[in-house]
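One structure is given below, encoded as structure tokens.
In the UniProt record's numbering, the protein residues as written are 1 to 266.
Pasting the structure below:
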């Protein structure tokens, strides 16, 4: 390519601004979720919260974010709910066809490669941030797949808007060759930390344990601690709210006298 500056995008942006005359340009969509995964001694543990949001509104309190892929592979999804649902459904369908043709369960790396090709093809237009976990003949595997098709294999991971708090718990307490109960407790505490630190995450905690013996999908693993219902009417005692400043403005009224006079009709 020729050297120098390229201003093609400047002309493109000006054309975009002309499409929204008299209005506002679209704003980025913020999604909220906390998902996590840990590799332990005998398999993989996945966890997720159950809150689905639409802007500041809680759209669903019991949203299932741990998706079935195959009998030995499950996937947690963060991002746009429709994209994660359809992406995992499509992956599950492809692997089901493979299992019917070959008569065996797919390997985890095969599922990761399909996801990678699918997401890279759309260059980030599919808002799916995924944690893929599973057990196959080669061992226990945990992968992260980004919306642009990036892939990374890790021993533990958290994603979503509450991932910073969840990663703090995982980095502090993760150990190799964890026992099952310790791994489940670690994932639960990581998701709980994300829930307490992020308004986009909340409600219950789901856990999925994948081993060579099978899958244990616990829904819910821990119910929300906040069960208080809205009262029909709140009553507060006088003095509950402190008075910071006080200013008295005299009210001046103008008194107008009115008189009535009988009309002479004689």
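The beta-carbon is built from N, C-alpha and C at its ideal position, and this holds for glycine as well.
Q.
Output needed for residue 86: all residues of its chain with C-beta closer than 8 Å, excluding positions within five of it in sequence on either side, in chain order.
A. Beyond the five residues adjoining it in sequence on each side, residue 86 comes within less than 8 Å, by CB distance, of no other residue in the same chain.
Q) Would you call the CB atoms of residue 35 and residue 81 closer than 8 Å? A) No, the Cβ-Cβ distance between residue 35 and residue 81 is not below 8 Å.
Q) In terms of DSSP beta bridges, what is residue 160 paired with? A) DSSP links residue 160 through a beta bridge to 34.
Q.
Can you look up residue 129 in the DSSP assignment and give me helix, strand or coil?
A. Residue state for residue 129 is assigned as strand, using DSSP reduced to three classes.
(Q) In whole angstroms, give me the CA-to-CA distance for residue 97 and residue 15. (A) The alpha-carbon atoms of residue 97 and residue 15 are separated by roughly 45 Å.
(Q) Would residue 131 and residue 83 qualify as a contact pair, given that the criterion is a beta-carbon distance under 8 Å? (A) Not a contact, by the Cβ cut-off of 8 Å.
Q | Cβ-based burial, residue 148 [other Cβ within 10 Å; buried from 16] | A | Within a 10 Å sphere around the beta-carbon of residue 148 sit fewer than 16 other beta-carbons, which makes this residue exposed.
Q. CB residue 133 to CB residue 46, shorter than 8 Å?
A. At the C-beta level, residue 133 and residue 46 come within 8 Å of one another.
**Q.** Backbone CA spacing between residue 217 and residue 17 [nearest angstrom]
**A.** The C-alpha of residue 17 is placed about 48 Å away from the C-alpha of residue 217.
Q.
How far does the alpha helix (DSSP H) with residue 140 in it extend, from its first residue to its last?
A. Not the alpha helix (DSSP H): residue 140 falls in the beta strand (DSSP E), residues 139-145.
Q. So, helix, strand or coil for residue 241, using DSSP?
A. Reduced to three states, the DSSP call for residue 241 is coil.
(Q) On the DSSP letters alone, give me the boundaries of the alpha helix (DSSP H) that residue 184 sits inside. (A) Residues 180-197.
Q: Taking all protein chains shown into account, decide if residue 170 is buried (16 or more other Cβ within 10 angstroms of its Cβ) or exposed.
A: Flag for residue 170 reads buried.
Q) First and last residue of the beta strand (DSSP E) that includes residue 3? A) Careful: residue 3 lies outside any beta strand (DSSP E) and carries neither H nor E.
Q: Taking the CB atoms as reference points, tell me whether residue 209 and residue 43 lie closer together than 8 Å.
A: Closer than 8 Å, so yes.
Q. Considering residue 59, what are the terminal residues of the beta strand (DSSP E) in which it resides?
A. For residue 59, the enclosing beta strand (DSSP E) stretches over residues 57-60.
Q. According to the neighbour-count rule (16 or more other Cβ atoms, all chains shown, within 10 Å of its Cβ), is residue 32 buried or exposed?
A. In summary, residue 32 is buried, with 16 or more beta-carbon neighbours lying within 10 Å of its beta-carbon over all protein chains present.
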